[in-house]
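To keep things clear, I will list the structure first and then write my remarks on it.
Protein chains: 2
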Amino acid sequence: MPRVSGSSAFLDACAGKPVDHTPVWFMRQAGRSLPEYRRVREGVGMLEACLRTDLIVEITTQPVRRHGVDAAILFSDIVLPLRALGVDLDIVAGVGPVVAEPVRSAADVRRLPEWEPSAVGAVTDAVRELAGSLPVPLIGFAGAPFTVASYLIEGGPSRDHARTKALMHADENAWHELMRRLAEISGGFLRAQVEAGAAAVQLFDSWAGALSPRDYRRFVLPHTITALQSADVARIHFGVGTGELLADMAADPVDVLGVDFRVPLSEAAARIPRSMPLQGNLDPAFLFAPWPVLQAAVDEVIADARGLPGHIFNLGHGVLPDTDPDQLTRVVEHVHVTTRR
Amino acid sequence: MPRVSGSSAFLDACAGKPVDHTPVWFMRQAGRSLPEYRRVREGVGMLEACLRTDLIVEITTQPVRRHGVDAAILFSDIVLPLRALGVDLDIVAGVGPVVAEPVRSAADVRRLPEWEPSAVGAVTDAVRELAGSLPVPLIGFAGAPFTVASYLIEGGPSRDHARTKALMHADENAWHELMRRLAEISGGFLRAQVEAGAAAVQLFDSWAGALSPRDYRRFVLPHTITALQSADVARIHFGVGTGELLADMAADPVDVLGVDFRVPLSEAAARIPRSMPLQGNLDPAFLFAPWPVLQAAVDEVIADARGLPGHIFNLGHGVLPDTDPDQLTRVVEHVHVTTRR
Chain A
48 MPRVSGSSAF LDACAGKPVD HTPVWFMRQA GRSLPEYRRV REGVGMLEAC
98 LRTDLIVEIT TQPVRRHGVD AAILFSDIVL PLRALGVDLD IVAGVGPVVA
148 EPVRSAADVR RLPEWEPSAV GAVTDAVREL AGSLPVPLIG FAGAPFTVAS
198 YLIEGGPSRD HARTKALMHA DENAWHELMR RLAEISGGFL RAQVEAGAAA
248 VQLFDSWAGA LSPRDYRRFV LPHTITALQS ADVARIHFGV GTGELLADMA
298 ADPVDVLGVD FRVPLSEAAA RIPRSMPLQG NLDPAFLFAP WPVLQAAVDE
348 VIADARGLPG HIFNLGHGVL PDTDPDQLTR VVEHVHVTTR R
Chain B
48 MPRVSGSSAF LDACAGKPVD HTPVWFMRQA GRSLPEYRRV REGVGMLEAC
98 LRTDLIVEIT TQPVRRHGVD AAILFSDIVL PLRALGVDLD IVAGVGPVVA
148 EPVRSAADVR RLPEWEPSAV GAVTDAVREL AGSLPVPLIG FAGAPFTVAS
198 YLIEGGPSRD HARTKALMHA DENAWHELMR RLAEISGGFL RAQVEAGAAA
248 VQLFDSWAGA LSPRDYRRFV LPHTITALQS ADVARIHFGV GTGELLADMA
298 ADPVDVLGVD FRVPLSEAAA RIPRSMPLQG NLDPAFLFAP WPVLQAAVDE
348 VIADARGLPG HIFNLGHGVL PDTDPDQLTR VVEHVHVTTR R
């Protein structure tokens, strides 16, 4: 594999240091948009793949090889640690995670397994191998406690998270005990990846945007912070539809705030209480547009990021499965050329 | 039916006039949370029900009778005018609107029917009857052009609206022609309801929150304004997850801005360029909480609305189907008692 030039631009940008070009990676870059991914996943279940060292290494590396992105993100899934710890759940194609016995009570919470690093040995083996072989930094990955809690309680993906909120509002003790346990698991999973060589981590709170700021602060943020504190490297925090939560999500110890495509980066910067590098935030739907339209949208994100204490170019949500991967490669090249100092 | 006291509080609040109590109604108050609704809908399809005068009248009236809300909202559906005009679509239980032949090209756009008020005669008959019988004002209802466009293009509900955005970005002319036609239909549907006696209207742009502010301003807002201009009564404008769009959504001729539960009302007021009454914004998930928790959440919305030029108490999204209707009745009573001047 050719060495990607300026491979530390990503970590420098995370630290708010000057860079010779704006680093780029894409959420879900390791995934279904790539034919080579679909090939190696043939006949292998999602969570099965996330627990096979060889596949984790290959799939994590694929987008680095193809696109020349400035960082790799561990191929994994938000519910992977739970599954590794023995919770009966699976990823159903076209649906998402499905949990056999949803968590609905304090008793259910007490039955959840404790964190045990040996359960993810296949993952940490892969991280060690990747850290030694990748030409760019590896970003570790975990789902944030709230998002994991929502899957556990709802039993699968949910639009309104009504059961999750019902538990939160009806039994605050059970809620906090659940979140305490999930923060230990998410934090433990991140720590294991860092110890194995991940140079940064991203905590995904996909569903945090379903909460009002008040509920987020009271029921979620303290546990998210606990999870993040477990990883002593550059910490990126991201959620979808979180415009109203950005000030809270940027709490210490977050180093980089991921911003979804709904909030212009300049507006996000104005909304957070302390200055920090931002990551984002091209609407992934632009990847379906003709190149001149896509290019203009990329340029707009770059222009909007001018003056920030650091910018990591990314999408404002994950790569959509039907995306033409050549569009992603062009975006990487364009960002690199345009931002070269 | 007993006359609801202070029945014009709703219209006064819309006009920013003093009221003797904060008016209350609930998005989706006419719907599945009510056993009497489930009874009359037995064996009748959703869109079929929306085109039967007797059912529209009964279902629209049910929540007024039961909860003593300060306004009725027409029982209808976002895709109803299209269906009435002959577009082949249906509402599939558990899925949502499904369109037989999705709109994907300029040619498809040209095949869409023109607005024709006689197609919704059953609806306007119901509005006339309701306007004469209801003890509270009737709010007319239509889906905004963007949300209708998304259903037409995606062929059904969508999480990422990728095809919708692809058309928007790839063929701007076709996009604007589609939106022009849909604005005529949404606007025509509102106008027909106003002419039949609706005292206010609400335009629902359920999916507008999927757009960046830039795309919203360029591709959506002008057409939304056209639709709203057709209805010369109090105009409420609402969308979900629209925190970043509120300033634009409050454009003239909007009279009242609906705010979803993610944005505190005081924050919404600070974000819009001109002072106007706000509607909202209790998280509907609180209706599953024990009464003391629900009451505290209601009180918080009321407190947050203090100092606004007008407040219409509502949810920050529709009533969820499993909601206990007694909780809704208690909220109405509590808001009325607490805010009585």
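Respectively, the protein sequence lines represent chains A and B. Okay, so the first sequence: first residue is 48 according to the working numbering, each after it adds one. Okay, so the second sequence: first residue is 48 according to the working numbering, each after it adds one. We put the beta carbon where it would ideally sit given N, CA and C, even for glycine.
C-alpha gap between residue i and residue j, whole angstroms
i                : j                : result
Pro407 (chain A) : His284 (chain A) : Because chain A is modelled from 48 through 388, residue 407 (chain A) falls outside the range shown and cannot be assessed.
Asp252 (chain A) : Ala245 (chain B) : 43 Å
Thr271 (chain A) : Gln249 (chain A) : 12 Å
Ala118 (chain A) : His383 (chain A) : 13 Å
Ile120 (chain A) : Leu185 (chain A) : 6 Å
Glu201 (chain B) : Arg210 (chain B) : 6 Å
Val170 (chain A) : Ser259 (chain A) : 35 Å
Leu229 (chain A) : Ala196 (chain A) : 7 Å
Pro65 (chain A)  : Asp207 (chain B) : 35 Å
Ala140 (chain A) : Val91 (chain A)  : 12 Å
Leu129 (chain A) : Leu58 (chain B)  : 52 Å
Asp262 (chain A) : Val340 (chain B) : 12 Å
Ser152 (chain A) : Trp338 (chain B) : 19 Å
Val241 (chain A) : Ala298 (chain A) : 21 Å
Phe188 (chain A) : Arg158 (chain A) : 25 Å
Glu163 (chain B) : Asn220 (chain B) : 24 Å
Ser180 (chain A) : Tyr198 (chain B) : 46 Å
Asp101 (chain A) : Leu177 (chain A) : 10 Å
Ser205 (chain B) : Arg388 (chain B) : 45 Å
Ile274 (chain B) : Leu268 (chain B) : According to the sequence provided, residue 274 (chain B) is Ala. The question's Ile does not apply to it. Roughly 10 Å between the two C-alpha positions.
Ala62 (chain B)  : Val111 (chain B) : 22 Å
Asp172 (chain A) : Arg282 (chain A) : 21 Å
Ala77 (chain B)  : Ala154 (chain A) : 37 Å
Cβ neighbours of residue i in the same chain (closer than 6 Å, five flanking residues each side left out)
i                : result
Glu224 (chain A) : Val156
Arg113 (chain A) : none
Leu293 (chain B) : Ala315, Arg318, Ile319
Gly365 (chain A) : Met74, Arg75
Arg99 (chain B)  : none
Asp371 (chain A) : none
Val51 (chain A)  : Bear in mind that a pLDDT of 37 at Val51 (chain A), under 50, signals an unreliable position, so the model cannot answer this.
Leu367 (chain A) : Pro331
Arg321 (chain B) : none
Same chain, Cβ closer than 7 Å to residue i, neighbours up to 5 away in sequence not counted
i                : result
Asp124 (chain B) : Met93, Leu94, Cys97, Ile138
Trp222 (chain A) : Leu214, Met215, Phe266
Gln374 (chain A) : Leu334, Leu341
Trp254 (chain B) : Phe193, Thr194, Ser197, His208
Member of the options whose CA lies at the smallest distance from the CA of residue i
i                : options                                : result
Pro324 (chain A) : A:Leu341, A:Glu242, A:Arg309, A:Leu304 : A:Leu304
Phe266 (chain A) : A:Glu89, A:Phe193, A:Ala147            : A:Phe193
Arg377 (chain B) : B:Gly365, B:Gly363, B:Ala344           : B:Ala344
Asp302 (chain A) : A:Val310, A:Arg309, A:Val280, A:Gly133 : A:Val280
Arg264 (chain B) : B:Asp307, B:Arg282, B:Glu291, B:Gln276 : B:Glu291
His381 (chain A) : A:Gly115, A:Phe188, A:Asp101, A:Gly187 : A:Gly115
Asp369 (chain A) : A:Arg85, A:Gly63, A:Leu58, A:Ala62     : A:Arg85
Ala350 (chain A) : A:Thr386, A:Leu375, A:Ala247, A:Asp371 : A:Thr386
Arg88 (chain A)  : A:Phe122, A:Ala62, A:Gly63, A:Val111   : A:Phe122
Arg309 (chain B) : B:Asp373, B:Ala298, B:Gly256, B:Asp101 : B:Gly256
Glu150 (chain B) : B:Leu177, B:Pro110, B:Ser165, B:Lys212 : A quick correction: the sequence has Val, not Glu, at residue 150 (chain B). With distances taken between Cα atoms, Val150 (chain B) lies closest to B:Lys212.
Asp346 (chain B) : B:Ala154, B:Val379, B:Phe188           : B:Val379
Val134 (chain A) : A:Val142, A:Ala77, A:Ala166            : A:Ala166
Nearest-angstrom beta carbon gap, residue j and residue i [assumed within contact, 8 Å]
i                : j                : result
Ile359 (chain A) : Pro70 (chain A)  : 5 Å
Met296 (chain B) : Gly286 (chain B) : 7 Å
Ala147 (chain B) : Leu136 (chain B) : 6 Å
Gly203 (chain A) : Pro160 (chain A) : Not quite, the Cβ-Cβ distance comes to about 20 Å (not below 8 Å), so this is no contact.
Ala56 (chain A)  : Asp67 (chain A)  : 7 Å
Arg469 (chain A) : Ala278 (chain A) : For chain A, the structure presents residues 48 to 388; residue 469 (chain A) sits outside this window and is missing.
Ala243 (chain B) : Val174 (chain B) : 4 Å
Val126 (chain A) : Gly190 (chain A) : 7 Å
Same chain, Cβ closer than 8 Å to residue i, five either side skipped, listed in chain order
i                : result
Asn361 (chain A) : Val71, Trp72, Phe73, Met74, Gly305, Gln326, Gly327, Asn328, Leu329
Gln276 (chain A) : Gly234, Pro300
Leu312 (chain B) : Val306, Leu325, Gly327, Asn328, Val348, Asp351, Ala352, Leu355, His358
Test: residue i CB closer than 8 Å to a CB of chain D
i                : result
Ala217 (chain A) : Reference to chain D is not applicable here, since the protein chains of this structure are A and B.
Review point. Do the stretch 62 to 81 of chain B and the stretch 100 to 113 of chain B make contact, defined as three or more Cβ pairs closer than 8 Å?
Key: The stretch 62 to 81 of chain B is in contact with the stretch 100 to 113 of chain B.
**Study point:** Meets three-Cβ-pair contact criterion under 8 Å: the stretch 349 to 360 of chain B and the stretch 231 to 238 of chain A
**Key:** No contact exists between the stretch 349 to 360 of chain B and the stretch 231 to 238 of chain A.
Check your understanding: Counting pairs of beta carbons, one from the stretch 210 to 220 of chain A and one from the stretch 332 to 348 of chain B, are three or more of them closer than 8 Å?
Key -> Judged by Cβ distances under 8 Å, the stretch 210 to 220 of chain A makes contact with the stretch 332 to 348 of chain B, as three or more pairs qualify.
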